[in-house]
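Here's the structure, in C-alpha cells; my notes come after.
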Amino acid sequence: MRFWQRREQRLSDEIEEHLVLETAENVAAGMSPEDARAAALRKLGSVLRIKEDTRAVWGWTWIERLRQDLRYGARALARDPGFTFVAVVSLAVGVGVTCAMFSVADLALLRPLPVPRPDEVLTVGSSRTGDTPDILQASYPDYRDLRDRLRSFQALAGYAFTRVRFEKQPGAPPEVKTAMTVTGNFFRTLEVEPELGRGFLPEEDGVPGRNAVVVLSHSFWRQEFDADSSVLGRQLRINGIDFTVVGVAPEQFTSVDQWMHPAFYVPAMMSPRLNPDRGSAGAIGDLESRDARFLTLKGRLKPGVSVEQARAEVAAIGTALARSYPETNRHFTMSARTELETRTRLTPNIAVTVAMVLVLAAAILMAACANVAGLLTSRVPARAREMAVRLALGARRMRLVRQLITESALLAAAGGVLGVALGYASVAFLDRFTYVSDLPVMISLRMDERVLLVGLAAAVASVFLFGLVPAFRSARADLVTDLKNTSATRNVRRLWGRDILVIGQVAIALLLLTVASLMHLGFREQLRAGPGYRTDHVLTMEFDPSLVRYTSARTAQFYRDLRDRVRELPGVRSVTLASFLPLTQEFQINPIVPEGYQFPEGVDSARVLSSRVDEHYFDTLAVPIVEGRPFRATDDADAPRVAIVNQALAAQYWPGRSPVGHRFRLDGTGGPWVEIVGVAGNGKYLQLVGETPTGFLYLPYAQHLRSEMILMVHSAGDPAGLTAPIRDLVRRLDPEQPVFEVRTMEAFFQQGAVRSAQLLIQFIAAMGVMGMVLALSGLYGLVAYAVSARTREIGIRMAIGARQGQVLRMVLRRGLVLGASGVAIGVVLSAGMRQVLESAVPAGGAVTGYALVVPVVLAVTMLAALIPALRASRIDPAIVLRYE
Amino acid sequence: MLILRTLLFGPAHGHTIARAIERGSEDVLQVEHGSLYPALHRLVKQGLLSARDGLSENNRQARYYSLTAKGRRRLHEETSKWDRLTRAIGGILRPAAEEGKL
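Chains as they are written, first to last, in this note's numbering: chain X, 1 to 884; chain A, 885 to 986.
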C-alpha cells in the first residue's frame, strides 16, 4: 500500500516539476506567469490521462481500479443514505423472500430423494381411478411379476411402513417404533451404501421368516446406541423376535418417503412373523394374496431409458396381469410415476400451494428489482452533472460506466448478503413449526446449497437488470445540457418505463393482499364452522396389543377392561375407542356397495373413509346424530350388522331420502349386508382447510374387532392431567403393553391443522405488505422525481397566478392515475387467481375480501403521491426562479 | 527510440527530454509532453531505462532517467533497423542510392 502511494506521489511530483520548468521557460520567453502556466498545462495535456496511462503501464491496474471503483462507489452510496437504505432493503426483501419460499417449496415438494441420481428412480404400482389418496401400491405377487418382467428398470424394490414393538434388551420397557419392511434389493436399488456393515443379501429375503436381520437408520443408531460401532452383531428384540444388526444406513439417507423416517429396516420376508395375526385381509404380513396391496415400489431406470418408455412397459404388464388374474387385478391400472408426480398426486393442494407461493415470491423479487431500477434511474439527473464534469476533466466513458456498474454491484452485494441472512432467519423462524406426534415425521426446513444458489442468482440477476440501464444512460449524458443544469432544458417526457413499473408493483401488491385476505376469510369461516367434533378437553392415546402378541379375544378383553377402568377415574366424563383419529393420516378405507345403486362402467364399489367406534364415540367427541340412532351396546358381534353414515355419504348414495333402514354390502360385491341405523353430522377428516364434504362410514367396534385402537377420553378438566393416571392403569393391566401417541386433541388440532394454515396466510400477507411497501416507495419516488424535474415550471405557474390547490391537483393527477390503474389491474389479476385459489382454500366472502383490500390500497397510494405533491404546492416561486 | 537516443549522452529528467526531442527535430516533432511520462515509465518497466531521484537545476526534487546496458543495445538495434528502412525506401524514391545519414 505504501509503495503504491509513494509511486503515485512521485508521479505527481514529477509532473508538477515538469510544469514548473516549462512555466519558467515560458516566463523567460516573455509570457506573464499566469499565461506561462496556462500554456504549460495546455502543452502537457490532460494530467488525469497521464496518470491513468502511467498507471496502465505499471500494471496490476485492474486491482487498483477495482479498489478505487469500490471506494468511490461506497462513497457515492453513503452520500445518499436514504436511497441506499431503500435500495438495499428492497433488494434484501426480494432475495430473502425468494430464498425462504424456495426452502419451503424444497421441503414441501421439490427436495430430491437422498440417493445417487434421484431422477432415475420412479414409483411403480397399481391404482384405481378415483382413489383417494392417489398413490401407487402393489401386492407381493404383483411385485414379483413386475420385477421379473420389466426390462426398463435395472432394479425394482418394495417397502412398507409398519409399527413394531421394540425392546433394547429383553425385559426393558417396550417402545413403539416405526420400521420399514423392505425387499432384499432395497439398498442396492437405491444405491445407498451403508455407513457400517452391509445392506441385505439376496438370500436373506428368500424364505419367509427365516432371516431375522435388521439395518438401523442413522438417527436411530445415534439415539439408541450413541453411534457405537460395536453395534454390529448385536441382538434387538422386535415384536418379541430377536433380530441381528447387520448394518447402519448412512446419515444422508433419511428415507425414501417424503415425510416419514423409519427407525430401522427389516427384510420383507420377515413381515409374516412380525405381524402374525393382523386380522383383515390385505394386511402387511400377507405375502401371498395378489390383492394385498401394501407395498410401495421404487425402481431405478436403466441408463438411456426414458420415463415414457418405462410407463408404457409398466402399463402393458399391468394389462397382461389383469388378463391373467381378473378377480384381483381387473379394475386396476399399473403405471410409473416420477417422484415429483408421486408427491403432487398424493397431496395436490400442497403442490398448488407451492406453485402459488413460488410465483408470489418471484413477483416480490421482480417488484424489488423494479423498485431499485426506478430508484437508480431517478438518480440519473442528479448525477448527470457529476458525470459531465468528470467527462470534461478527461475521464473515459468506459471508466464511468464501470464505476457505475461497480456501484450497482456493491448495492447488489449488500442487498444479496442481507437477503440471504433474511432468508436464513425466516427459515429458522418457520422451522419452529412442529408436528405433535410420536411418528418420526421430519419437517426440517433447511437452507441447502441450492437455495443459496437461487438467492445469489437472484442478486446477480438484479445487478444486471438494474445496474446496466442507468449506467449506460448516465454515460451517454450530453455534456452541454447537463452542465447547464437547467430543469427547463431537461426533457420532462413521460417516463413510460417507470410508469409501467409503478403500475405493475401496485398491481402485484394488491394481488398479494387480496389473496391473503381471501384466504384468511375462507380460513376463518372454516375454523368457525368447526371440524364437526369436539377438540377441547379430549385426550387420545393409541394402543396395539398385537405388538405383545395378544390374540383377538385377549385384545377385546384388554380394551373392555381398559375402557371400564378409565371411565371410573376421577375427572373423566366419557371414554370411547375408535380406530381413526381425524386429521391424522392413518385412515381406513372400506369398499361398499349400496343396495340398488348403479355404479358407472368399470367401477363396482365405492371406497369410503371409515372408522370403527364404540357406542360412546358420538357422545365423547360430540358428533351429532341427525337421523336415526347412535350405536348401542347391543350392536355386538351376535347382533345384525349395522353402520352409521355421515350426511355427505348419505347425500351421495341415498339422495333425497333417509338412508336409515337401507342396506349396503361391506367390502365389495360379495360382502355381507349391513343396515344403516343412523346419520351423523359431517366433519373434517383428513385436513381442516380445503376439504370438501367427504363421505364417512362408522362401524361398531364390537362387530369389527381390531388390534390398533385409539382411546379417546373426554375430561372435565385439563386432559393432559389424565395421562399419568391412565398410564398407571395400563401398567397395572399389563406392564408390557406399550402406550403411544399420547396427545391432547387441542394441541394436535392447533399445531397440525390450525397453525399450518395460519402460518401460510400470515406469510402471504407479509409478502403482500412488503410488496405494498415496495410499490409505495416506487410511487413516491416517481412523483418526487416528476416534481423536482418540473420545479421551474411550477415556480413559473405560481408566479403567474396558479393557486396551491391547482398545483396540487396537477402534480397529484399523474400519481393517482398510476395508483388507480395499478389497483384496477391488480383486481383483474386476482380474479384470475381465484380459480387457482379455490382448490387450495375455498374462498369465503370474496366481496368482503376486495372490500377490505382495495380501499386501503387506494388510500395508501394516494398518500404516497400526496406527500411530494404537497411539497410541490408549497414551492416558493421567488426562490425557485432566482436560481435561474 | 527517440527517448533512448536522447539519453545516450547522459541521464536527464522528463522536461529536458521533451525539450531535447523538440529541439533536435527542429520543432518538427511537437510532442505532447503528457505522453512522455507513460512512455518513460514503460521503458523503465521494460528494463531499458533506470530511474532515480536527484536534484534539478533549480535545486528541486526531480527524477532522472538513464540508459541501461540493455537500453543501449536496444538503441543500436532500433537504429540499424531504421537505417535499413530508410535506405530501402530511399532506394526506391531516389534510384541513385544515397548514404543514409544519421
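Using N, Cα and C, we set each Cβ at its ideal position, and we do this for glycine too.
Quick caveat: nothing in here was measured; it's all calculated off a predicted structure.
{"Check": "Measuring only between beta-carbons, confirm whether Ala896 of chain A sits less than 8 angstroms from chain X.", "Outcome": "no"}
{"Check": "Distance cutoff 8 angstroms, beta carbons only. Does Ser950 of chain A sit that close to anything in chain X?", "Outcome": "no"}
{"Check": "For a contact defined as C-beta to C-beta under 7 angstroms, what are the partners of Arg958 of chain A on chain X?", "Outcome": "Chain X residues near Arg958 of chain A: none, gap ~17 angstroms exceeds 7 angstroms."}
{"Check": "Could you check which residue in X:Arg149, X:Trp259, X:Glu708 has the C-alpha nearest to that of Ala556 of chain X?", "Outcome": "X:Glu708"}
{"Check": "Run through DSSP, which three-state label would Val436 of chain X get?", "Outcome": "Confidence at Val436 of chain X is low in this model, with a pLDDT of 48, below 50, so its placement is unreliable and no value can be given for it."}
{"Check": "Taking Cβ positions, are Gly826 of chain X and Leu360 of chain X nearer each other than 8 angstroms?", "Outcome": "no"}
{"Check": "Could you check which residue in X:Gly768, X:Leu109, X:Val86 has the C-alpha nearest to that of Leu904 of chain X?", "Outcome": "In the structure as shown, chain X begins at 1 and stops at 884. Residue 904 of chain X is therefore absent and cannot be evaluated."}
{"Check": "Could you tell me if His960 of chain A is buried or exposed, where buried requires 16 or more neighbouring beta carbons within 10 angstroms of its beta carbon?", "Outcome": "exposed"}
{"Check": "Taking the continuous beta strand (DSSP E) assigned at Glu288 of chain X, which residues delimit it?", "Outcome": "It is not in any beta strand (DSSP E) - Glu288 of chain X carries neither H nor E in the DSSP assignment."}
{"Check": "For Leu113 of chain X, collect the residues of the same chain with a Cβ closer than 8 angstroms to its Cβ; drop the 5 residues on either side in sequence, then sort them by chain order.", "Outcome": "Val121, Leu190, Val256, Glu339"}
{"Check": "Could you name the residues of the stretch 8–20 of chain X whose beta carbon sits closer than 8 angstroms to any beta carbon of chain A, in the order they occur along the chain?", "Outcome": "Arg10, Leu11, Asp13, Glu14, Ile15, Glu17, His18, Val20"}
{"Check": "Drop a sphere of 10 angstroms on the beta-carbon of Lys954 of chain A, count the other beta-carbons inside from all chains shown, and report buried for 16 or more, exposed for fewer.", "Outcome": "exposed"}
{"Check": "If you reduce the DSSP assignment to three classes, tell me which class Met798 of chain X lands in.", "Outcome": "helix"}
{"Check": "If we define contact as Cβ-Cβ less than 8 angstroms, is Ser919 of chain A a contact residue for chain X?", "Outcome": "yes"}
{"Check": "By the criterion of Cβ-Cβ separation under 7 angstroms, what are the contact partners of Thr73 of chain X in chain A?", "Outcome": "Checking the displayed sequence, the identity of residue 73 of chain X turns out to be Gly instead of Thr. Here the premise fails: no neighbours, minimum Cβ distance about 26 angstroms."}
{"Check": "Looking only at its chain, what residues have a beta carbon closer than 8 angstroms to the beta carbon of Ile317 of chain X, apart from the 5 residues adjacent to it on each side?", "Outcome": "Asp145, Leu146, Arg149, Leu150, Met334"}
{"Check": "Give the C-beta separation of Tyr921 of chain A and Glu14 of chain X to the nearest angstrom, bearing in mind that I take them to be a contact with Cβ-Cβ under 8 angstroms.", "Outcome": "7 angstroms"}
{"Check": "Locate the alpha helix (DSSP H) running through Leu19 of chain X, then write down its first and last residues.", "Outcome": "2–29"}
{"Check": "Are there three or more Cβ pairs, one per stretch, closer than 8 angstroms when the stretch 126–140 of chain X is compared with the stretch 345–352 of chain X?", "Outcome": "yes"}
{"Check": "Pairs of beta-carbons, one from the stretch 725–742 of chain X and one from the stretch 591–611 of chain X, closer than 8 angstroms: are there three or more?", "Outcome": "no"}
{"Check": "Strictly below 8 angstroms CB to CB, what residues from chain X border Ala946 of chain A?", "Outcome": "Glu14, Glu17"}
{"Check": "Can you look up Leu577 of chain X in the DSSP assignment and give me helix, strand or coil?", "Outcome": "strand"}
{"Check": "Could you give the DSSP three-state label for Glu175 of chain X: helix, strand or coil?", "Outcome": "strand"}
{"Check": "Could you tell me how far apart the beta carbons of Phe332 of chain X and Ser127 of chain X are, in whole angstroms, since I believe they sit closer than 8 angstroms?", "Outcome": "7 angstroms"}
{"Check": "Looking only at its chain, what residues have a beta carbon closer than 8 angstroms to the beta carbon of Val928 of chain A, apart from the 5 residues adjacent to it on each side?", "Outcome": "Ser934, Ala935, Tyr949"}
{"Check": "Sorted by chain position, which residues of the same chain lie with C-beta nearer than 6 angstroms to Leu19 of chain X's C-beta, five sequence neighbours on each side aside?", "Outcome": "Ala40"}
{"Check": "I'd like the list of long-range same chain contacts for Val436 of chain X, defined as Cβ closer than 6 angstroms, with 5 residues on each side in sequence excluded.", "Outcome": "Residue confidence for Val436 of chain X is low, a pLDDT of 48 falling below 50, so the modelled location carries little weight and cannot support an answer."}
{"Check": "Could you check the C-alpha separation between Asp53 of chain X and Arg402 of chain X for me, to the nearest Å?", "Outcome": "17 angstroms"}
{"Check": "For Arg732 of chain X, is the beta carbon positioned less than 7 angstroms from some heavy atom of the ligand HEM?", "Outcome": "The ligand HEM is not among the ligands present in this structure, which contains no ligands whatsoever."}
{"Check": "For the candidate residues X:Pro208, X:Val214, X:Gly209, whose alpha-carbon lies nearest to that of Phe200 of chain X?", "Outcome": "X:Val214"}
{"Check": "Is Pro600 of chain X helix, strand or coil by DSSP?", "Outcome": "coil"}
{"Check": "Output the distance between the C-alpha atoms of Glu691 of chain X and Ala648 of chain X, rounded to the nearest integer angstrom.", "Outcome": "12 angstroms"}
{"Check": "Just list the residues that DSSP pairs Val121 of chain X with in beta bridges.", "Outcome": "X:Arg300"}
{"Check": "Below 6 angstroms CB to CB, which residues in the same chain sit around Ala92 of chain X once its five sequence neighbours on both sides are set aside?", "Outcome": "Gly415, Leu418, Gly419, Leu422"}
{"Check": "Say whether chain X places a C-beta atom closer than 8 angstroms to the C-beta of Arg978 of chain A.", "Outcome": "no"}
{"Check": "Just the Cα atoms here: how many angstroms apart are Pro272 of chain X and Thr576 of chain X?", "Outcome": "31 angstroms"}
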